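The opening position of the sequence shown corresponds to residue 5 in this note's numbering, with each subsequent residue numbered one higher.
Using N, Cα and C, we set each Cβ at its ideal position, and we do this for glycine too.
Keep in mind it's a predicted model, so treat the numbers as computed, not measured.
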Amino acid sequence: MRLLIIGSGGREHALAWKLAQSHQVSEIHMAPGNGATAGGNWSKPILNVPVAVDDIPGLIKHIQAAGIDFVVPGPELALVSGITDACAAIGVPCFGPDTLCARLEGSKIFAKEIMAESGVPTADYAVFSDHAAATAYVKAKNGPIVIKADGLAAGKGVVVAANAAEALEALDAMLLQKNIGEAASRVLLEETLNGEEVSLLAFCDGECAVPLPSAQDHKRVFDNDAGPNTGGMGAYSPAPLLPAEQGREICDLVITPILRTMKAKGHPFKGMLYAGLMFTPQGIKVLEYNTRFGDPECQPLLMRLDSDLLEIMQACVAGRLDEIQICYRPESAVCVVVSAEGYPGSYAKGMEISGLEDAEAAKNVAPGEIKVFQAGTKLENGKLLSSGGRVLGVTALGAGLREARDRAYAAIEKINMAKAHYRHDIGDKGLARS
Ligand code: AMP
Ligand code: GLY
């Protein structure tokens with residue numbers, strides 16, 4: 005079976021690595037892929053195809069020309085742009101929600117409406133498109149408030165304002181200066197919640213949802229959650245905040261009701277539904293939905309997955325998730341993201357990267373238990389160069405969270421890259437709790 009994986013990040017490298025292990029897979033195409041998928045040591049033929057993730061006609065053309073049998077979109081942009089519907093139109097199965105279901109991630113207002121309809125707990129909010137009205141609301145509240153652009157904004161669409169002055173600044177930027185464009189033609193002003201965050205992802209087949217083990221992301225760029233938000237600087241699984249025995253219960257609170265609502269609308273949700281949760285003193289609340297694997301949560305989760313990922317994805321698409329068993333390794337996994345210094349602001353590219361093979365081999369660690377997933381990399385004249393903000397996701401399994409973390413950090417020590425940055429506290433919150 006020939007697969008097409010859409011995307012170029014650490015998540016997509018991890019998806020390719022895991023899917024290559026499936027006995028059904030004969031060949032993997034990546035659109036557009038990265039330095040890891042451009043060559044190297046793969047058990048199956050792998051090929052980068054220069055098509056952008058939101059170029060739906062281009063992707064469909066490739067799917068037809070290359071005889072692709074199954075499509076796995078990584079990023080939200082491919083889903084929101086309609087890849088699943090386009091694949092359905094040509095009869096090729098695609099592991100992802102249809103375009104309407106993808107609006108759960110593509111429009112924060114749509115997500116709030118569906119949450120309200122489904123009875124899912126979330127923060128109170130109000131919607132504005134008019135700058136004057138939004139300003140008046142912020143001034144009347146006169147305290148901490150969260151400003152969210154309705155549409156996709158590549159991580160730049162949420163401002164957690166400590167006070168009215170910060171909130172007004174964010175409103176000016178989004179509604180007047182249009183710094184993130186159309187994504188902020190409407191904004192939500194949301195009550196500020198307090199608490200620790202955790203990610204709960206679930207495989208969904210339209211009706212049935214099967215939660216993955218919990219994971220915790222680290223969104224801020226610096227240690228101790230300081231600095232600006234990023235795509236994610238590291239993740240680990242399981243998160244002691246959400247023990248395995250509670251996964252089903254929380255899934256029935258925040259995922260299953262959404263599946264019921266979408267099915268009733270004639271759009272059964274198939275694929276991955278990811279709830280960003282906050283454990284507040286008032287109980288669990290949903291901060292956001294993503295309609296795909298999280299990046300970097302995907303990397304530790306797939307290191308722990310002990311079943312055939314393609315079989316699970318096929319069961320989701322076919323609506324028979326209840327017929328299969330999904331197993332996970334009992335170990336913990338930690339992924340530490342190595343970024344270019346300056347990310348998520350401006351940063352240098354083209355830094356040479358070496359030491360990856362060394363990093364993956366460690367004394368007393370079984371082969372395959374340390375993996376360096378590549379994100380913003382490219383292969384040029386045999387050299388591996390950085391080409392993006394998040395460059396590597398150094399991921400390790402360990403008997404517990406501490407061992408997994410120590411292995412990941414020891415692996416990082418063996419990697420050479422100028423102007424590299426990473427957080428030193430990935431997993432610390434989990435260690436403090438366990
Ligand atoms: P989102 O993309 O909606 O998950 O928001 C990005 C980040 O902003 C979250 O991971 C939280 O850290 C923070 N955030 C979002 N909504 C709220 C809220 N209502 N209260 C406090 N923090 C929030
Ligand atoms: N790590 C958060 C996300 O993928 O959106």
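- For Leu313 and Gln28, the gap between their C-alpha atoms comes out near 11 Å.
- Exclusion of Ala171 from the 7 Å shell around ligand 1 follows from its C-beta lying no nearer than that to any non-hydrogen atom of the ligand.
- The beta carbon of Asp326 is closer than 6 Å to those of Cys212 in its chain, skipping five residues each way along the sequence.
- Rounded to the nearest angstrom, the gap between the Cα atoms of Val398 and Ala137 is 46 Å.
- For the beta strand (DSSP E) assignment, the uninterrupted runs of no fewer than 3 residues enclosed by the stretch 37-96 are, from N- to C-terminal side, 50-52, 74-77.
- Of the candidates Gly434, Ala20, Pro49, Gly434 places its Cα closest to the Cα of Pro247.
- In this structure, Asp59 keeps its C-beta atom at 8 Å or more from the C-beta atom of Leu81.
- For Asn228, the three-state secondary structure derived from DSSP is helix.
- The Cβ atoms of Ile419 and Ile330 do not sit closer than 8 Å to each other.
- Around the beta-carbon of Pro54, fewer than 16 other beta-carbon atoms lie within 10 Å, marking it exposed.
- Residue range 287-294 is occupied by the beta strand (DSSP E) that includes Ile288.
- With contacts defined as CB atoms closer than 8 Å, Gly393 and Thr284 fail to qualify as a contacting pair.
- Within the stretch 397-422, the complete alpha helix (DSSP H) segments at least 4 residues long are 405-417, listed from N- to C-terminus.
- Contact between the stretch 233-248 and the stretch 333-341 is present, with at least three C-beta pairs closer than 8 Å.
- At the C-beta level, Leu204 and Ala279 come within 8 Å of one another.
- Under the three-state reduction of DSSP output, Glu31 falls in the strand class.
- When beta bridges are read from the DSSP output, Ala239 appears opposite Asp221, Cys339.
- The criterion of a C-beta distance shorter than 8 Å is satisfied by Thr295 and Leu83.
- In the DSSP assignment, Phe377 falls within the unbroken beta strand (DSSP E) covering 374-378.
- At a cut-off of 7 Å, the beta-carbon of Pro300 counts as near ligand 2: some heavy atom of the ligand is closer than that.
- Around the beta-carbon of Lys112, 16 or more other beta-carbon atoms lie within 10 Å, marking it buried.
- The shortest C-alpha to C-alpha distance from Tyr332 to any of Gly39, Arg411, Pro242 is the one to Pro242.
- For the 8 Å CB-CB criterion, Gly14 and Gln303 form a contact.
- DSSP places Ser122 in the uninterrupted alpha helix (DSSP H) bounded by 112-122.
- In this structure, Thr234 is the residue among Thr234, Lys145, Ala140 with its C-alpha nearest to the C-alpha of Lys160.
- Residue side-chain check: Val142 keeps its Cβ at 7 Å or more from all non-hydrogen atoms of ligand 1.
- In the three-state reduction of the DSSP assignment, Pro215 falls in the strand class, which pools E and B.
- Gly280 is bridged by DSSP to Ser203, Glu292.
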